[in-house]
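Here the protein sequences line up with chains A and B, keeping their order. Following my numbering, the numbering of the first sequence begins with 1271 at its first residue and continues without gaps. Following my numbering, the numbering of the second sequence begins with -7 at its first residue and continues without gaps. Read the structure below first, then the notes.
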Amino acid sequence: DGGITQSPKYLFRKEGQNVTLSCEQNLNHDAMYWYRQDPGQGLRLIYYSQIVNDFQKGDIAEGYSVSREKKESFPLTVTSAQKNPTAFYLCASSIEVTDTQYFGPGTRLTVL
Amino acid sequence: AQSVTQPDIHITVSEGASLELRCNYSYGATPYLFWYVQSPGQGLQLLLKYFSGDTLVQGIKGFEAEFKRSQSSFNLRKPSVHWSDAAEYFCAVGAPGRGGGNKLTFGTGTQLKVEL
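Here's what the structure looks like:
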């Protein structure tokens, strides 16, 4: 079954700790994205990657980092520099960067 | 820069009634337009999309949307709502043909409640 998986579904961390969210896809899509969702604010783009070993900042990249070493994987690290990291994080992918984006089930991060 | 407005934060309809969710966008040319649906705690599911051609687009679950260039709108409609349609709906606009990537801009969402 093809799709996008995100793990874990729920994540709790102490303030000041870095945390890495996993995103894997077996759709053979070239492009991958990370969004942050907060209540009443819709989705905001954090980072995106068009191909392996390449990624671009989105609208709210500060305090986040990514890597794209494999086509199927695009992990997101939330660093201690992110002032308000508690949110719902969504990963997406598309065949090409201008094509339809398909979403994973999300990870809810709570920083205590 | 592109933007999307969903003027209705919450909408309540009775089961079996018709539905229209509003979406207005701002973009200099013809954009890519999308409607997604999200159930609580879940990811987003694509309902339908408009890239070009026929301005009336059919999607999954009986939804349709109409692109109106003169009104910069892409409203979502369904003739008869089912209780399972209760969810949050997001309109999104993308910028086609840009070398910097397809940065989708999302509206703030419309929460749909269905009364039985």
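For glycine and all other residues, C-beta sits at the position ideal for the given N, C-alpha and C.
With DSSP run on the structure shown, which of helix, strand or coil describes residue i?
i: R14/B; result: coil
i: S76/B; result: helix
i: Y1317/A; result: strand
i: V(-4)/B; result: strand
i: K1327/A; result: strand
i: E1285/A; result: coil
i: E107/B; result: strand
i: A21/B; result: coil
i: F1344/A; result: coil
i: G1333/A; result: coil
i: T1370/A; result: coil
i: R69/B; result: strand
i: S31/B; result: coil
Near residue i, which residues of its chain fall below 7 Å by C-beta distance, leaving aside the five closest residues on each side in sequence?
i: T100/B; result: Q(-2)
i: S6/B; result: E107
i: K1327/A; result: Y1317
i: N16/B; result: T(-3), S64, S65
i: S1337/A; result: P1345
Just grab the DSSP bridge partners of residue i for me.
i: F1358/A; result: Q1307/A, R1378/A
i: H1299/A; result: Beta-bridge pairing links H1299/A to no other residue.
i: G99/B; result: Answer is none; G99/B lacks a bridge partner.
Excluding the five sequence neighbours on either side, which residues of its own chain have a C-beta within less than 6 Å of the C-beta of residue i, listed in chain order?
i: G91/B; result: With a pLDDT of 45 at G91/B, under the threshold of 50, the modelled position of that residue is not reliable, and the figure given next carries that caveat. Correct list: empty, nothing qualifies.
i: S10/B; result: P71
i: L13/B; result: L68, Y81, T102
Might you give, ordered along the chain, the residues of its own chain that have their beta carbon closer than 8 Å to the beta carbon of residue i, omitting 5 neighbours on each side?
i: T1380/A; result: Y1280, L1281, F1282, R1283, T1356
i: K105/B; result: H2, I3, T4, V5, A78
> What are the complete beta strand (DSSP E) segments, minimum 3 residues, inside the region 33 to 62 of chain B?
Replying inline: 36 to 42, 48 to 50, 56 to 60
> How do the region 1272 to 1286 of chain A and the region 1350 to 1365 of chain A stand: do at least 3 beta-carbon pairs fall below 8 Å, yes or no?
Replying inline: yes
> Is there contact between the region 1283 to 1299 of chain A and the region 1331 to 1344 of chain A, where contact requires at least three CB pairs shorter than 8 Å?
Replying inline: yes
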